[in-house]
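**Q**
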Amino acid sequence: SALVPNAVYSVAYTTIDESIFIIQGGGKYQNSTSSIVTSQFITLDTTTSGWNTSNPPWKSITIPAALAPTMTTWWHSISVSPNGQILTFWDSSRNGSLASYNRTRHDEWSSTFS
């Protein structure tokens, strides 16, 4: 069965060339007084032909265990390098950049959090 993303709010999101949609983190509503913060990191290539809008081909990106606690966040943002290959995650509540993700180097991660 296809990946079904968590329904979340306060996510970081961006696009690459308006063709790859990227979502990371966010709060998952539990009840009127509680939410769970997630590290969800998913992409959707909107240029893939033949997919149905009721079952989009989401792809999950694995966050290394060492970075998972840092990347479990919300109210943050993502920036994309000019060539579209490096994503940098920012969280002002954690003094700036959290990590960078290189899409072309075998999904290479680097921590920028100190």
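With full-length UniProt numbering, the residue at position 40 of the sequence shown is 40, and numbering never jumps. Idealized CB from N, CA, C, for every residue including glycine.
#1: Going by DSSP, what residues sit across from glutamate 108 in a beta bridge?
#2: Among all the DSSP beta bridges, which residues are the ones paired with serine 35?
#3: Note the first and the last residue of the continuous beta strand (DSSP E) segment covering residue 116.
#4: If you count every other CB in all the chains shown that lies within 10 Å of the CB of alanine 12, and 16 or more means buried, which is it?
#5: Below 8 Å on the Cβ atoms is my contact criterion, and I expect threonine 43 with isoleucine 63 to pass it. Report the Cβ-Cβ distance as a whole number of Å.
#6: Return the bridge partner residues of valine 4 from the DSSP annotation.
#7: What are the start and end residues of the beta strand (DSSP E) that includes leucine 44?
#8: Mapping the DSSP letters down to three states, classify alanine 68 as helix, strand or coil.
#9: When the Cα atoms are used, what is the spatial distance from asparagine 6 to serine 35?
#10: Taking just the CA atoms, how far does leucine 67 sit from alanine 99?
#11: Just mark valine 4 as buried or exposed, buried being the case when its beta carbon has 16 or more other beta carbons within 10 Å.
#12: State yes or no: is the C-beta of arginine 105 nearer than 6 Å to some heavy atom of the ligand FMN?
**A** Straight from the coordinates:
#1: Residue 108 sits at position 108 when you count from the first residue of the sequence shown. In DSSP, glutamate 108 forms a bridge with Asn102.
#2: Along the sequence shown, one-based indexing puts residue 35 at 35. Per DSSP, Tyr29.
#3: Not covered by the structure: residue 116. The range shown for the chain is 1 to 114.
#4: By one-based count along the sequence shown, residue 12 stands at place 12. Answer is buried; the Cβ neighbour count reaches 16.
#5: As a working mapping, residue 43 is identified with position 43 in the sequence shown. As a working mapping, residue 63 is identified with position 63 in the sequence shown. Not confirmed; about 13 Å, so no contact.
#6: For the purposes of this step, residue 4 is identified with residue 4 of the sequence shown, where counting begins at 1. None, per the DSSP bridge assignment.
#7: Residue mapping note: residue 44 aligns to position 44 of the sequence shown, counting from 1. Looking at the DSSP string, the run of the beta strand (DSSP E) that includes leucine 44 is 41–45.
#8: Counting from one through the sequence shown, the residue named residue 68 turns up at place 68. Three-state result, alanine 68: helix.
#9: Walking along the sequence shown from the start, residue 6 turns up at place 6. Walking along the sequence shown from the start, residue 35 turns up at place 35. Asparagine 6 and serine 35: Cα-Cα distance of roughly 12 Å.
#10: To locate residue 99, count along the sequence shown from 1; it is residue 99. To locate residue 67, count along the sequence shown from 1; it is residue 67. Distance between the alpha carbons of alanine 99 and leucine 67: 8 Å.
#11: For the purposes of this step, residue 4 is taken as the residue at position 4 of the sequence shown. Classification of valine 4: exposed, given that the 10 Å Cβ count is below 16.
#12: With respect to small molecules bound, the structure shown includes none, and the ligand FMN cannot be examined in it.
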